[in-house]
Every structure is written in C-alpha cells, then in structure tokens.
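These notes concern the structure reproduced below.
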Amino acid sequence: MTGSARELIRKLRICKSPVEEKAVIARECAEIRSALNGNSNSTRQKIISKLLLIHLMGYSTSFGQVECIKLIASSKFADKRVGYLALNQLLQEDAEVLTLAINSIKMDLSSPNPYVTELALNALASIGNIDMFKELHYDIERLMQSPVVTVRKKAVICAARMLRKLGQMSLIPGPDAIDLAGNYVHVVPSLLVDPNHGVVSAALTVLSALMDYFQMCINYTSIYELLMKTMTALCNEGGNSIGIMFGATNDYEINGVNDPFLKSKLLQLIRKVYEKCRGQITGNQQYFDLINSIVKSATQTNNATNSLLYECARSIYCEINDPKFNQLGKDIVQKFMASHDNNIKYIALGILNNLIGVNLAVGDTNWNIVVQSLRQPDISIRRRALDVALRLVSKETLKPLMQHLFDFLLAASHDLKRESISKIAKAIDLFSDSELYKLETMVKIFTIAGNCVNDNILHSFIASVGKASQANQVKIATKLYYVVGNNLSQDALVQAAIWCLGEYGHLLSDLPQSDLLPDAFPAQPEPVEPAPAESADLISILDDFTPEEPKKEVVELITNGTSGGYKKVVNIIETLARHILTCSLSPSSCANGEYLLTCAGKLCHNVPEESARLMRIVCRFKTHSNVELQQRACELEVLYEHNRMNVLVGSDVVNAVHNIDFASLDITANADRVEPSSFQLLEMTPTVSPPLIQPDPVQQKSAQDKLSTLDFMSFDYPAGDSKAKPSDDFGEFAPF
Numbered sequence: 010m011t012g013s014a015r016e017l018i019r020k021l022r023i024c025k026s027p028v029e030e031k032a033v034i035a036r037e038c039a040e041i042r043s044a045l046n047g048n049s050n051s052t053r054q055k056i057i058s059k060l061l062l063i064h065l066m067g068y069s070t071s072f073g074q075v076e077c078i079k080l081i082a083s084s085k086f087a088d089k090r091v092g093y094l095a096l097n098q099l100l101q102e103d104a105e106v107l108t109l110a111i112n113s114i115k116m117d118l119s120s121p122n123p124y125v126t127e128l129a130l131n132a133l134a135s136i137g138n139i140d141m142f143k144e145l146h147y148d149i150e151r152l153m154q155s156p157v158v159t160v161r162k163k164a165v166i167c168a169a170r171m172l173r174k175l176g177q178m179s180l181i182p183g184p185d186a187i188d189l190a191g192n193y194v195h196v197v198p199s200l201l202v203d204p205n206h207g208v209v210s211a212a213l214t215v216l217s218a219l220m221d222y223f224q225m226c227i228n229y230t231s232i233y234e235l236l237m238k239t240m241t242a243l244c245n246e247g248g249n250s251i252g253i254m255f256g257a258t259n260d261y262e263i264n265g266v267n268d269p270f271l272k273s274k275l276l277q278l279i280r281k282v283y284e285k286c287r288g289q290i291t292g293n294q295q296y297f298d299l300i301n302s303i304v305k306s307a308t309q310t311n312n313a314t315n316s317l318l319y320e321c322a323r324s325i326y327c328e329i330n331d332p333k334f335n336q337l338g339k340d341i342v343q344k345f346m347a348s349h350d351n352n353i354k355y356i357a358l359g360i361l362n363n364l365i366g367v368n369l370a371v372g373d374t375n376w377n378i379v380v381q382s383l384r385q386p387d388i389s390i391r392r393r394a395l396d397v398a399l400r401l402v403s404k405e406t407l408k409p410l411m412q413h414l415f416d417f418l419l420a421a422s423h424d425l426k427r428e429s430i431s432k433i434a435k436a437i438d439l440f441s442d443s444e445l446y447k448l449e450t451m452v453k454i455f456t457i458a459g460n461c462v463n464d465n466i467l468h469s470f471i472a473s474v475g476k477a478s479q480a481n482q483v484k485i486a487t488k489l490y491y492v493v494g495n496n497l498s499q500d501a502l503v504q505a506a507i508w509c510l511g512e513y514g515h516l517l518s519d520l521p522q523s524d525l526l527p528d529a530f531p532a533q534p535e536p537v538e539p540a541p542a543e544s545a546d547l548i549s550i551l552d553d554f555t556p557e558e559p560k561k562e563v564v565e566l567i568t569n570g571t572s573g574g575y576k577k578v579v580n581i582i583e584t585l586a587r588h589i590l591t592c593s594l595s596p597s598s599c600a601n602g603e604y605l606l607t608c609a610g611k612l613c614h615n616v617p618e619e620s621a622r623l624m625r626i627v628c629r630f631k632t633h634s635n636v637e638l639q640q641r642a643c644e645l646e647v648l649y650e651h652n653r654m655n656v657l658v659g660s661d662v663v664n665a666v667h668n669i670d671f672a673s674l675d676i677t678a679n680a681d682r683v684e685p686s687s688f689q690l691l692e693m694t695p696t697v698s699p700p701l702i703q704p705d706p707v708q709q710k711s712a713q714d715k716l717s718t719l720d721f722m723s724f725d726y727p728a729g730d731s732k733a734k735p736s737d738d739f740g741e742f743a744p745f
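Residue numbering for the sequence shown follows the working numbering, starting at 10 and increasing by one per position.
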C-alpha cells in the first residue's frame, strides 16, 4: 500500500537533484502499479491523487487512465469528485478511453444530486468529443431547462462546445447538424432573459458559436433587436431590468458598474451582429444611442469602466466614417488620457491613431496628448505617440512638433532612434516646403543621432544637398562645418560634413560674419587673435594623436572672422583626420576615411594654395591598417604628383550618379576603346584646366615610376598597353 500525496510531496522536497527526483517518481510509480493490480477500492482515490501530482510535474501517467473511469463509476461523491478531476487532467478529448466513460457520465447526468450532475457537465464542457455528444445531447437539452441555476448554466456551456465540435467536423455542416443548431437558435431568446447573469453569458457563448459555424440558421435582424433589448435592460438599473433582479446588483456589481464582464461580452456580440445586418437596419441611431449612453455614464476611473469604454471604442470602428461616432471616439480618448495607468494611455493613443478627421493644432487637446505622451518614461507609449504624431502632422505643425521630436530622440535608446529616424525623415520630406529647413533639420538629426542613421537617409540627404541652390549648399556646408567638431562620434554627421566640405568648402570664405554664426553658438566677445599655426605643426599632431577639446577649437574658428576661410576648412579636415586615424579599427572609421580622402582630393583641386597641407593628411593614410584606405591614399598621391586631381571633380556628381542607367551599360564595348592616357584608369573624363603645379623633372620621373608600379600591382598587363581594362580595380573615389 502506498502512502498519501502529502508523503510524496515530502519526499520530493528532500530531493537535491533532478536525478534523485526521477528516482523517487520511478519508485512511486512502481508502487502505484502494484497497488492498482491489487484492485483495492479503498486506496484508489489516494492513488489517483498521487497520479495527479505526478502528472502536474510532467511525468507520464498513462497507465492510470483506466482507474479514472473506475473512480467516476463509484457511488461515493468523494470518489466521483477525484475521478472527474483526474478525467479532465489526465485525458484528452481524442483519448479512446473516454468511450468507456460515456455510460457513467450519462448516469450522472440523470442523478437527482445536482452536484453530481455538475461534475458530469464539467467533464463534458472540458473534454467532450463528437461521440460523447451524439449520445448525450438529449440530456444536455433537458438540463438546459433545469430549475437549478448552476446546472442550467453548465448545460448551456456544454451546448456551446457541442456546436463548435459539430461545426469543425466539415466545412459545410450536414443536415443533422443544421437541424440541431436550429433547435438551439430557438432556445437562445429564452436564455437571454434569464435572471441569472451566468446563464445569459453562457447563452451569448452559444450565440457566438452559432454565428461562427451555422450562419444559415440565424436571422441577424431579430438577433440584433434581441441583443439591443438585453443590453438596454442591463444598463438601466431600475424597473424590471435584469440588473437588479434577485439582488443582481449586489451580486455582480464591480466598482459601481453592474456586471462589466457581461456588458463587454454583449457589446462584442452586438458589434459582430451589427456588421452582419448593417444593410438590413434603417439607420444607426439606435446603435449610436446605446454606445453614447455607456460613454456618458462612465464617470468613474477604474478597470471596470475602462473595459466598457474600450469595447465602446471597438464598436465605433465599424461606423468610423460617421462624424458622431468619430466624436464619441475622441471623448473616449480624453477619458483614457486622464487615467494614471500607462496601459490605458497606450490604448488611448491607439484609438486616436485609428480615428478619422483628427486635426493636430498647437495647443489643442490632441496636441497636449501627443506632446505629453512623447515625454512619458514608458518606451511603448513614446513609440505609439510617435506614430500618432507623424500620422497627424501637417505643414503647419511640422516645425513646432520637430522641437519635441528632437527631445524624443535625445532620450531614446539606440534601437528606438534607428526606428524613429526613418519615420521622421519621411514626414519631413512630405510636409516641409522649405528646402533649407528640410536640410537644416536633417543636420540636427545627424547631430543628435548620427550613429543610428540609415545609409539610405544619408545618401538621400547628400542628393538633396547636391540638387539645392548654391546659397543653400553653402549654408548647409557652413552649419556642418561648425557642428561637426563637437560631434565627431556621430558617423552620419561626419560623413555628411566631409562630403559637403569637399564639394563646397572653397565657397565658405565668401559669407559675412553674421551668416557664419550658427544658432547653436551665441555671439562671443572678440578675443585676442592667436598666432597662426604652421602647417607642419598642424600635421605633426597626427603623429601624436593628442586629444583636444573640439568645442574650444570651433569657438575660436567662429570668433576669428572670415579671414583665412580655406585654412579653417583644412583645420577641421585635420581634426577629422586625427579622429579617424585614432579610431582606425572601427568599421565606421574606414567609411569615414574613404569620405575624407575623397574630400581632400577635391579640395586639392579647388583650393590649390592648401594642397600641400591636404596631401600631408592624405599621406598619413598610406600606413593605415585598412588596405582600401592605403590604396586610395596612394592613388591620390600619384594623381597629385601628375597634376590630375581634376578627375575627382565633376560638373554635377550627384545628378550623374543618380541618372546612370546601369542596365544599359555595355561593359564589353569599353574593351576596344583606346585609352588616351594612363591617368584615365579610373574611367573618368577629366575636365580641361591649367596645371596647378609644375613639378621638376626629377619628381616627374619618380612619379612616373610610382604610376608604373601602381599599374603593375593593380592590373595584369604592362603599363604601356594601350587597351583599357573592362572594369578597373581601383574602386570609386566617391564613396557615396
């Protein structure tokens, strides 16, 4: 004879490892098998209790399933209670052993003891299958008229499960199933006026199953009228409503709301029926009056009230195009935003995002809701508020909203920044009329979250700058010039600044002092002008990698006026080069280095008086750990020594890149083209310009040797060959 379940629990708690636990379970299962073979009725209840414990711990108990059938056949209520509990837990609806239990369940359904009947109904509602319902559906229909409320409620729930199982048997229900479903359609009206809310809730479950699987049996118009009548009676807590019958108000009231569970279920079903019979009903005034009465009566702030308001909001969606329903949705949003629960605020933002005709104006209710939500510490609320703000934004509200979006980006995590920047950039592109404002806003975004910017956004910004007017190009280049020194860690900002300085750096000295001052820096008193630094001293800094404070350097550049504009541009290029060389191991540093080398090459052509300093920067990359940067630096050195830096400067680089039709290119046609010069290995057409520097013959001879060596290392043909290679191996100088 085995011990009790308490003793088994005590043994399991002593175990210190899973191995010991498995050993205890194995010994206990062996003892249970021996006890079951003895066929002792006195110990069967105790054995089944231990089997339930073993099953809950995840071990197999299939050897004890038949004992459950024997236990429910007992005449003792205690045995039946444990037997039905084990039947629900140890067996599934597809178990063949359940066939043996049909006769015992049928006898219990006819028992004069209502508690025994409830046990049998619970088992049917949990694991009942088609075979069981075929034998027992007459008993279920009889018990639906039982005077005992609990029996009547459980019988209705069993009927709902039976209808689902019949509907799931085939796509098209058979005639027998349709006839059976028709019988329950006629029973539903009498169940909906039952004084017990549990019976009404079970009747709604039956009606939902009928709508899902037996739509041909339902008259939606009559069902709609019946549900509206039931809901009205439930909401009116006076007269002969079901809310106060038999003390129902005291039994079902939660936080001052009469049975919010039943009301929510009724609203769900009313919405479902209304969508089916909308064309058969004259007008939606009755539907509106019902929802409006619930919304207006919701004066308290608690979970029960919020659940009803949420169902009202979901019911509004089917008539969202109607202005009066849309206004109800706005009223619900205002009620939800007054709550201190973040979950309720999140739902309110979702409702606001789905409403139609919602306008966002500075200072109005919707504006305050969005702005306050953007400042919430809960990340889910801030993400939802961003979606709502970008959906409701307009040309008039873009600029004031961007100030709050900047604060949003400052407090956002890395992943949230990456997700949000794409949405913000799209909104700016759609609603910004000013070309300059669009570019300046993107510069500020790069300053705040440059490490989270997608490459497509950066490329789009560069293309927009290339297509802008020359005045805007100079203004954007100036802004980038001043902000990049303080934000060297923002890769997108660094790359955009390098590109703009390379394209328009030679134009920055033409602006007056007032235009050069950015908004981010206040006017400073003019200090004593420092002594100009020598080029060799500036380049020597690259060898030491001494960190400096960029803000001090930038302020000095601002207060020095417009003199030496080219030197200031080269100074910031040196600062960027120092940073890139210091962080040479990071992947982003390699991309920044490619941008910087191209920028230096363009400035060598556009600002020839600073070409020597720029080439010293380029030469520092000849020993870089990245092979691509080494190659580009060597190529630039060769081009410089042969005075061919003009190949890097095109008439309209951005437009040329975006207008290329790669599908129409004939690569094989270039194989027969005679190359006029060995300097056109990059497959670019140089512009005609006078030579910048006249090298002496010794330097020219040395450069020609370097070019020949470079050709020998890069190609598989001698340098004197006049045929061009179909595709060069140098790689493009312009990384964008």
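C-beta atoms are modelled at their ideal positions from N, C-alpha and C, and glycine is treated no differently.
Of the listed residues the options, nearest to residue i (C-alpha basis)
| i | options | result |
| --- | --- | --- |
| Ile63 | Lys25, Met237, Glu16 | Glu16 |
| Ser199 | Gly176, Lys238, Leu189 | Lys238 |
| Asn311 | Ile263, Gln336, Lys333 | Ile263 |
| Asp424 | Ser120, Ser389, Leu407, Gly338 | Ser389 |
| Phe334 | Met240, Tyr319, Leu364, Tyr355 | Leu364 |
| Met225 | Thr591, Ile187, Asp442, Ala212 | Ile187 |
| Ala87 | Ser302, Ser113, Tyr124 | Tyr124 |
| Gly579 | Ala609, Val452, Ser231 | Before going on, a small fix: residue 579 reads as Val here, not Gly. Closest by alpha carbon: Ala609. |
| Ser634 | Ile589, Pro617, Glu646 | Ile589 |
| Thr241 | Leu201, Thr230, Glu618, Asp350 | Leu201 |
| Arg151 | Cys592, Val196, Asp350 | Val196 |
| Phe417 | Lys404, Leu399, Arg90 | Leu399 |
| Asn122 | His651, Leu109, Ser155, Val91 | Ser155 |
| Leu612 | Val266, Cys628, Trp508, Arg629 | Trp508 |
| Asn655 | Ala394, His614, Gln639, Glu618 | His614 |
Where residue i falls: helix, strand or coil (DSSP)
| i | result |
| --- | --- |
| Ile329 | coil |
| Ile263 | strand |
| Asp714 | Because Asp714 sits at a pLDDT of 48, beneath the cut-off of 50, its placement in the model cannot be relied upon, and the point is left open. |
| Leu448 | helix |
| Val209 | helix |
| Tyr68 | coil |
| Glu102 | coil |
| Lys85 | coil |
| Arg653 | coil |
| Cys24 | coil |
| Asn747 | Residue 747 is absent from the structure shown; the chain starts at 10 and stops at 745. |
| Pro184 | helix |
Outcome for residue i when other beta-carbon atoms lying within 10 angstroms are tallied against a minimum of 16
| i | result |
| --- | --- |
| Glu512 | buried |
| Met624 | buried |
| Thr607 | buried |
| Lys85 | exposed |
| Asp464 | exposed |
| Pro182 | buried |
| Ile485 | buried |
| Pro332 | exposed |
| Ala164 | buried |
| Met411 | buried |
| Lys25 | exposed |
| Leu298 | It is worth fixing the name first, because residue 298 is Asp in this sequence and not Leu. Asp298 is exposed by the Cβ-count criterion. |
C-beta contact flag for residue i and residue j at 7 Å
| i | j | result |
| --- | --- | --- |
| Asp500 | Asn460 | yes |
| Leu605 | Ala586 | yes |
| Ala129 | Ile111 | no |
| Ser382 | Glu320 | no |
| Thr70 | Leu80 | no |
| Ala477 | Lys426 | no |
| Val106 | Gln54 | no |
| Ala95 | Cys77 | yes |
| Ile300 | Leu317 | no |
| Pro409 | Val371 | yes |
Contact with chain B by residue i, beta-carbon distance below 7 Å
| i | result |
| --- | --- |
| Tyr319 | In summary, chain B is missing from the structure at hand, where a single protein chain is found. |
Item to check | Cβ pair count under 8 Å reaching 3, the stretch 489-498 against the stretch 424-441 | outcome: Result no; under three Cβ-Cβ pairs closer than 8 Å.
Next on the checklist: Below 8 Å, how does it come out for the stretch 130-150 and the stretch 166-179: are there three or more Cβ pairs, yes or no?
Outcome noted: Two segments are said to touch when three or more pairs of C-beta atoms, one from each, lie closer than 8 Å; by this definition the stretch 130-150 touches the stretch 166-179.
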